[in-house]
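K.L.:
To start, I am sharing the structure in question, which I have written as structure tokens.
Protein chains: 2
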Amino acid sequence: MHKSRLAGFIIDCETEDLDGAARFWAAALGAPAKPRTDPAESAYVGLDMPADEPYVEIQKVAHASRVHIDIESDDIAAEVARLEALGAKKIDAIRGWVVMEAPTGQRFCIVPVVSAEFESRANSWE
Amino acid sequence: MHKSRLAGFIIDCETEDLDGAARFWAAALGAPAKPRTDPAESAYVGLDMPADEPYVEIQKVAHASRVHIDIESDDIAAEVARLEALGAKKIDAIRGWVVMEAPTGQRFCIVPVVSAEFESRANSWE
Numbered sequence: 013m014h015k016s017r018l019a020g021f022i023i024d025c026e027t028e029d030l031d032g033a034a035r036f037w038a039a040a041l042g043a044p045a046k047p048r049t050d051p052a053e054s055a056y057v058g059l060d061m062p063a064d065e066p067y068v069e070i071q072k073v074a075h076a077s078r079v080h081i082d083i084e085s086d087d088i089a090a091e092v093a094r095l096e097a098l099g100a101k102k103i104d105a106i107r108g109w110v111v112m113e114a115p116t117g118q119r120f121c122i123v124p125v126v127s128a129e130f131e132s133r134a135n136s137w138e
Numbered sequence: 013m014h015k016s017r018l019a020g021f022i023i024d025c026e027t028e029d030l031d032g033a034a035r036f037w038a039a040a041l042g043a044p045a046k047p048r049t050d051p052a053e054s055a056y057v058g059l060d061m062p063a064d065e066p067y068v069e070i071q072k073v074a075h076a077s078r079v080h081i082d083i084e085s086d087d088i089a090a091e092v093a094r095l096e097a098l099g100a101k102k103i104d105a106i107r108g109w110v111v112m113e114a115p116t117g118q119r120f121c122i123v124p125v126v127s128a129e130f131e132s133r134a135n136s137w138e
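Heads up: the protein sequence lines correspond to chains A and B, in order. Counting in the numbering used here, the first sequence runs from 13 upward without gaps. Counting in the numbering used here, the second sequence runs from 13 upward without gaps.
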């Protein structure tokens, strides 16, 4: 048995100006940008959303701008297999996470457990 | 003064099979699809997410599949003006909502207040 849960949304921005992108989205959504732990290296800026809501992060990307879903799981291989059985395709594996594509075309990611609500809110799969 | 808040995420699917798209995403996210009130007319299927989280809906669309953000507001015109001042562009007005494009390229929508958490969680703008 493993578990998974909709963890958050990543706002992928095709930009050289990650801080500017984060400023726009922080102001638009009324959620302050969190300080980056490693500004020189990180491609992500988190927004300070209510703790019990899915996370929202701004990511600097080289592909076209979009929004993608993150699913967190305590067993990434099992979750990828479950989603493949539903019709999704594995696209790539990047460090600790896996990029998949839905039958409806959207890319999404399977990531390790990150949210405090995982144990209480995740779905269990046989 | 008006208020706004990140209300939810719409999974736009370029498909003729809205129910099939909803079945995939319901299974992927572990959130049952809600019955459609008007299956012949509606282009949306809601997923039954925890009540205090942003809503997630599957929409049948004619454009390429993507995911878009809905911002709810008690004054749509004022919210559109606020976002234009931040650099977003108004793209279209469809019935009661407005489609905008972020400076980073993503389309998103400004919609009337829909969530029970609006009064307690919305941001106030002067």
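Here a beta-carbon is modelled for each residue, glycine too, at the ideal position from N, C-alpha and C. Quick caveat, the model's predicted, so the values are computed rather than measured.
Compare the C-beta of V79/A with all C-beta atoms of chain B and state if any pair is closer than 8 Å.
P.N.:
Sequence index remark: in the first sequence, residue 79/A carries index 67 (1-based). It does: the Cβ of V79/A has a partner Cβ on chain B nearer than 8 Å.
K.L.:
Do the stretch 113-133 of chain B and the stretch 17-29 of chain B meet, that is, are 3 or more Cβ pairs less than 8 Å apart?
P.N.:
The stretch 113-133 of chain B, when compared against the stretch 17-29 of chain B, does touch it at the 8 Å Cβ threshold.
K.L.:
Residues of chain A with CB under 8 Å from I122/B, in chain order?
P.N.:
Translated into positions along the second sequence, residue 122/B becomes position 110. Correct list: empty, because the minimum Cβ distance to chain A is about 10 Å.
K.L.:
Given this structure, state the Cα-to-Cα distance separating P47/B from L30/B, to the nearest angstrom.
P.N.:
Translated into positions along the second sequence, residue 47/B becomes position 35. Translated into positions along the second sequence, residue 30/B becomes position 18. Distance between the alpha carbons of P47/B and L30/B is about 12 Å.
K.L.:
Which one of A76/A, A93/A, A134/A, I88/A has the shortest CA to CA distance from Q118/A?
P.N.:
Here residue 118/A refers to the residue found at position 106 of the first sequence. When each option's Cα is compared against that of Q118/A, the closest is A76/A.
K.L.:
When you compare the CB of S16/B with every CB in chain A, is at least one pair closer than 8 Å?
P.N.:
Taking the second sequence and counting its residues from 1, the one referred to as residue 16/B is at position 4. S16/B counts as touching chain A.
K.L.:
Could you tell me the alpha carbon to alpha carbon distance between T27/A and P115/B, rounded to whole angstroms?
P.N.:
What you label residue 27/A is simply residue 15 of the first sequence in a count that begins at 1. What you label residue 115/B is simply residue 103 of the second sequence in a count that begins at 1. About 10 Å.
K.L.:
Leaving out five residues before and five after G108/A in sequence, what residues of the same chain have Cβ atoms less than 8 Å from its Cβ?
P.N.:
Here residue 108/A is taken as the residue at index 96 of the first sequence, counted from 1. Around G108/A: I88, V123, P124.
K.L.:
Does any C-beta atom of chain A lie closer than 8 Å to the C-beta of Q118/B?
P.N.:
Indexing the second sequence from 1 puts residue 118/B at position 106. At least one chain A Cβ lies under 8 Å of Q118/B.
K.L.:
By the 7 Å beta-carbon criterion, what residues does the stretch 54-75 of chain B contribute toward chain A?
P.N.:
Listed by position along the chain: P62, D64, E65, P66.
K.L.:
Would you grab the beta carbon distance between F36/A and L98/B for me? Rounded to a whole angstrom, and I think it's under 8 Å.
P.N.:
As a first step, residue 36/A must be located in the first sequence, where it is residue number 24. As a first step, residue 98/B must be located in the second sequence, where it is residue number 86. Yes, F36/A and L98/B are in contact; Cβ-Cβ is about 6 Å, under 8 Å.
K.L.:
Looking at the C-beta of F130/B, does it have a partner C-beta in chain A at a distance below 8 Å?
P.N.:
Start at 1 with the first residue of the second sequence, and residue 130/B comes out as number 118. No, no contact with chain A.
K.L.:
Give the range of the alpha helix (DSSP H) segment to which E96/A is assigned.
P.N.:
What you label residue 96/A is simply residue 84 of the first sequence in a count that begins at 1. Looking at the DSSP string, the run of the alpha helix (DSSP H) that includes E96/A is 88-97.
K.L.:
Is there a Cβ from chain B that is less than 8 Å from the Cβ of E26/A?
P.N.:
Residue numbering aside, residue 26/A sits at position 14 when the first sequence is read from its first letter. Cβ-Cβ to chain B under 8 Å: yes for E26/A.
K.L.:
Which residue spans inside the stretch 97-138 of chain A form an unbroken alpha helix (DSSP H) run of at least 4?
P.N.:
Qualifying alpha helix (DSSP H) stretches, in chain order: 130-133.
K.L.:
Hey, V73/A and C25/A are a contact pair by Cβ (cut 8 Å); roughly how many whole angstroms apart?
P.N.:
As a working mapping, residue 73/A is identified with position 61 in the first sequence. As a working mapping, residue 25/A is identified with position 13 in the first sequence. That pair is a contact at about 7 Å.
K.L.:
Give the range of the alpha helix (DSSP H) segment to which D31/B is assigned.
P.N.:
Here residue 31/B is taken as the residue at index 19 of the second sequence, counted from 1. Where D31/B is concerned, the enclosing alpha helix (DSSP H) stretches over 30-41.
K.L.:
Does the distance from the C-beta atom of I70/B to that of V79/B stay below 8 Å?
P.N.:
The count along the second sequence starts at 1 and reaches residue 70/B at position 58. The count along the second sequence starts at 1 and reaches residue 79/B at position 67. No.
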